[in-house]
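Novice:
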């Protein structure tokens, strides 16, 4: 048995380095993103694949307190038969188990809990290949992306949350002495103790596209803050979180703690267990990633809890001018194509002035820019193998439905086409669709078209583009924004517009950094300042709602004068 | 004109020291609490009195954007004729003015805003005597208490909020560079900028008993975070906040800023301007101190805002045993008497086991303890002059009504009596009332009796007392708790009970520290963990809801290798 305090000692340097990196916001990563043998070892890839394959067609090995029966709800976007079943959760039993596990978890203290969390992340990292297959076959992400976004990057985001929660919850010293001078008398002496207490049972509601990346921050921040966590996966992407919860419970049990500090809440689609859990009086923290409809519902109805949501929005690109037109096109084409536009950060609305844009390759009208972008997409996705590795598969029929709807409208400048996968003939793959709109078509572009659907929108001027940007993002939210301009004045105006809109801004990305990617420990993800999210991954607001600092104080004898 | 940046330089050391103290939680104070000539100078007291007197019977000199007509709503609990009138606020005009003042305030940056805030607090401190009279004649606090709690201590709490907001909003560096290594290629280089943006218009709703102490944390935290603040005083205690807002506007104007960053919202009782302001879409932060009824209403209805409330609760004392019985009685009698029990931290429910308590003066039954406590109150308040200085005056008829109601019940062990004031014959003064109850009388003691009404409640045992304590505070909230015991086991159990109840705990206070007082920079006030408040003064949760950190990022050329 390894006590939490020992785990803290084991991971002390890692945690200190993570806290330092999160404060400096410079480049740092704890978990290598490359699936190469030189990093993870000769046997890691085949062992991970074997572990994944061994899970298929069976009940998943996990204990769920109070579960009755099983559910099996996943379908691989690559067409692989999964057939994994999970214990079907009972909301009240999970909450009771979480409450029972709370006192010992509180007693472990922030450092002990951070030690346990770091051990869990190390253990998850060791399962990165198994996890990559699980993420690929639930989300439709291509394997390398699943390894990175679902593995190393998610682990980094988890560790970032651990670091932020540990730093925030230990900012008030555990003990302090207080000596107040008194006129003509000895000073008043008090000893003061501060104890961190979790807010209560925490529920993390996962999404179908990034089950680990979007769930780890809430899961790990809540754990370090002293809360038991019920993990409620999307019925379409249970396996990555089931593996995660299994590892959490293993580490907890090995540390002599009640494994019910983390439990899995699998359900049939339509059971509505997320709503039942989120509105229970004992549930005091809710994390959610997914649709604005349900996110807004949670914010309005889970009134007894602090609710952290990441919802949808209108990710926007303002194109004014560039001195690297090829780079712009290549970069933007990749951003539209990566995971078939199924990222919460994929650009949707591309704003171009009616007069066109100046580039190092000459002036381009909106028509010409549209044609050039379509050509860049075709070039990027011309090789089917590379296309499959970039696009991944379509996660569900909802995305296909929107593609069909968008394809029927006039103005298509890049149609969506089918792509075949070598390994999985059943994979559902599509290239991005781009359609021309006018700034007046706001009924179309102020709605989120989650998936590979983007709009090239003509505006009166860059000034008009910035106005459309600010107004639409203020009203409907966004998780990313990008501006291309060679003009310092336009860049300055775009920065002000982004502050007004409440969104992070990327400028002139023409190389290997993409607007849809954020780096843990450096880039904040989401802002809280627009309707798409209520907090940023990971800022103090995201962690400080999860715990309280309670003091006690008592007199101590006045020290003798020597 | 002194720019915000210059004010930051002026107060840089003070701010650094305040941040250090708030982190260490040891003793520190920036503003001397003693009204003595040796501290504030020969002329400060008479000059302050003249300044106060000059305000009486006149329109208060302050500009309020869009105000129509005047209101005059205050009545001195000491019977002094006040007759001060204020511009009557128009909610929409105030919000429009606040919005117009926002861009320049955002541009001042966290340091510039903290410089302005520190200058305001220095200026308020220089008006401490004028403020003390204003606080005395609106709240009923005795002069020295008004000077301390309404002056120096409030200023310290304001500076603490400035320090916490400055530390939290500058924790993400304003600029960072990011260099990600690439296999077989140059690293990716980005420059990143972080900008602090306020959440939006902030409304601070003051209370009638501590208009400055309870309003300054929200006011100053919101200012530093980049928000304009509309200050809405209780109609019974306008003057202290009117003086505060006047000084804010002076300093803002001198710094070349729009004074409408801080405005005053005076109203007729019943106008309901607090509700109108708090539910307006542009109002994004609400601070409130007062009744649970309106606090709960705000939490339920001001959905577009982050709502920080401090409401009422059941402050509890658990008496188990003591080795300083005289000290216990003296300390508790003072806590019950100070400002006639009109503090949000005054003990209401005193729990004593049926078998009585062991003390250094022998065993005491609940009857004996009650008689001894009554005697200690009589001794403390025996001298009318000292009694007046401790009790102050009764703030309003609501308090008198509860006194009458409580006096009519059986079991009174210390009746409330009238006390006369030498200087103000019209002052309404009363000693505390203490009544015996049984643990079964929960209908009576689970209601807050704000004012000088306390209950000596007999329980089956100390264990039972702790259970009553935890259950009642979890359900109804509390802002203070005190335990007296010589047993390490009982003290440990009380600490656990306080963690379960979500309340700070004082232990064995028998000297010059009182359970109803908390010290800025060391003691947190309120916890967020029980229904009496949603945050602590001043923790990170209290400040991080007031701003967002927005990033922008762009490539920088790869440095040449030398």
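Protein chains in written order, with the UniProt record's numbering: chain A, 1 to 562; chain B, 1 to 562.
Using N, Cα and C, we set each Cβ at its ideal position, and we do this for glycine too.
1) Using a Cβ-Cβ distance under 8 Å, would residue 52 (chain A) count as near chain B?
2) Quick check on residue 92 (chain A): buried or exposed, where buried means 16 or more other Cβ atoms within 10 Å of its Cβ?
3) Considering just the uninterrupted stretch of the beta strand (DSSP E) at residue 482 (chain B), what are its terminal residues?
4) Determine, using beta carbons only, whether residue 564 (chain B) comes closer than 8 Å to chain A.
5) Of all the beta strand (DSSP E) runs that stay within the bounds of the stretch 303–339 of chain A, which reach a length of 3 or more residues?
6) What are the residues of the stretch 534–547 of chain B that lie near chain A, defined by any Cβ-Cβ distance shorter than 8 Å?
7) Can you list, in chain order, the residues of its chain whose CB lies under 6 Å from that of residue 431 (chain A), leaving out five sequence neighbours each side?
8) So if DSSP puts residue 4 (chain B) in a beta bridge, which residue, or which two residues, is it bridged to?
9) Starting from residue 224 (chain A), trace the alpha helix (DSSP H) both ways and give me its first and last residue.
10) Short check: CB of residue 207 (chain B) to CB of residue 189 (chain B), under 8 Å?
11) For the stretch 159–168 of chain B against the stretch 534–549 of chain B, do three or more pairs of beta-carbon atoms, one drawn from each stretch, fall closer than 8 Å, so that the two count as touching?
12) What whole-angstrom Cβ distance do residue 223 (chain A) and residue 204 (chain A) have, given they're in contact under 8 Å?
13) Which residue marks the beginning of the alpha helix (DSSP H) containing residue 283 (chain A), and which one marks its end?
14) Assign residue 404 (chain A) to buried or exposed, taking buried as 16 or more other Cβ atoms, counted over all protein chains shown, within 10 Å of its Cβ.
15) Count the other CB atoms, across all protein chains shown, that sit within 10 Å of the CB of residue 103 (chain A); report buried if there are 16 or more and exposed otherwise.
16) Does the beta-carbon of residue 363 (chain B) have 16 or more other beta-carbons within 10 angstroms, so that it is buried, or is it exposed?
17) From the DSSP output, which residues share a beta bridge with residue 182 (chain A)?
18) Check this for me: beta carbons of residue 305 (chain A) and residue 319 (chain A), under 8 Å apart or not?
19) What does residue 87 (chain B) pair with, by DSSP beta-bridge criteria?
20) Indicate the three-state DSSP secondary structure (helix, strand or coil) for residue 349 (chain A) in the structure shown.
21) Check whether the stretch 307–327 of chain A touches the stretch 420–439 of chain A, taking contact to mean three or more Cβ pairs, one atom from each stretch, closer than 8 Å.
22) Residues of chain A with a CB under 8 Å from the CB of residue 485 (chain B): which are they?
23) How would you label residue 570 (chain A), buried or exposed, when you count the other beta carbons within 10 angstroms and need 16 or more for buried?
24) May I ask you to list, following chain order, the residues of the stretch 399–421 of chain A that have a beta carbon less than 9 Å from some beta carbon of chain B?
25) Taking the continuous beta strand (DSSP E) assigned at residue 555 (chain B), which residues delimit it?
26) At the 8 Å Cβ level, is residue 178 (chain A) part of the contact set with chain B, yes or no?
27) According to the neighbour-count rule (16 or more other Cβ atoms, all chains shown, within 10 Å of its Cβ), is residue 247 (chain A) buried or exposed?
28) Is any beta-carbon of chain B found at less than 8 Å from that of residue 37 (chain A)?
29) Expressed to the nearest angstrom, what Euclidean distance is found between the alpha-carbon atoms of residue 147 (chain B) and residue 179 (chain A)?
30) Quick one: residues in its chain with C-beta nearer than 6 Å to the C-beta of residue 177 (chain A), no 5 flanking neighbours on either side, listed in chain order?
31) Buried or exposed for residue 301 (chain A), please, with buried defined as at least 16 other CB atoms from any protein chain shown within 10 angstroms of its CB.
32) Among residues of its own chain, excluding the 5 on either side of residue 389 (chain A), which ones have a beta-carbon nearer than 6 Å to its beta-carbon?
33) State the Cα-Cα distance for the pair residue 276 (chain A) and residue 29 (chain B), rounded to the nearest angstrom.
34) Of all the residues that make up the stretch 498–525 of chain A, which are near chain B by a beta-carbon distance shorter than 8 Å?
35) Does the stretch 71–88 of chain B come into contact with the stretch 41–56 of chain B, if we say contact requires no fewer than three beta-carbon pairs (one atom in each stretch) closer than 8 Å?
36) What residues in the stretch 163–177 of chain B bring their beta carbon closer than 8 Å to a beta carbon of chain A?
Specialist: Looking at the coordinates:
1) no
2) exposed
3) 481–484
4) Outside the modelled stretch of chain B, which goes from 1 to 562, sits residue 564 (chain B), for which no answer is possible.
5) 306–310 and 316–319
6) 536, 539, 540, 541, 544 and 545
7) 381, 416 and 417
8) Beta-bridge pairing links residue 4 (chain B) to no other residue.
9) 216–225
10) no
11) yes
12) Not really, about 10 Å apart at Cβ, beyond 8 Å.
13) No alpha helix (DSSP H) holds residue 283 (chain A); the beta strand (DSSP E) holding it covers 283–289.
14) exposed
15) exposed
16) exposed
17) A:185
18) no
19) B:70
20) strand
21) no
22) Per Cβ cutoff of 8 Å: no residues; residue 485 (chain B) is ~11 Å from chain A at best.
23) Outside the shown range of chain A, which is 1 to 562, sits residue 570 (chain A), and nothing can be said about it.
24) none
25) 547–555
26) yes
27) buried
28) no
29) 22 Å
30) 191
31) exposed
32) 142
33) 48 Å
34) 498, 499, 502, 503, 504, 505, 506, 507, 508, 509, 510, 511, 512, 513, 519, 522, 523 and 524
35) yes
36) 168, 171, 172, 173, 176 and 177
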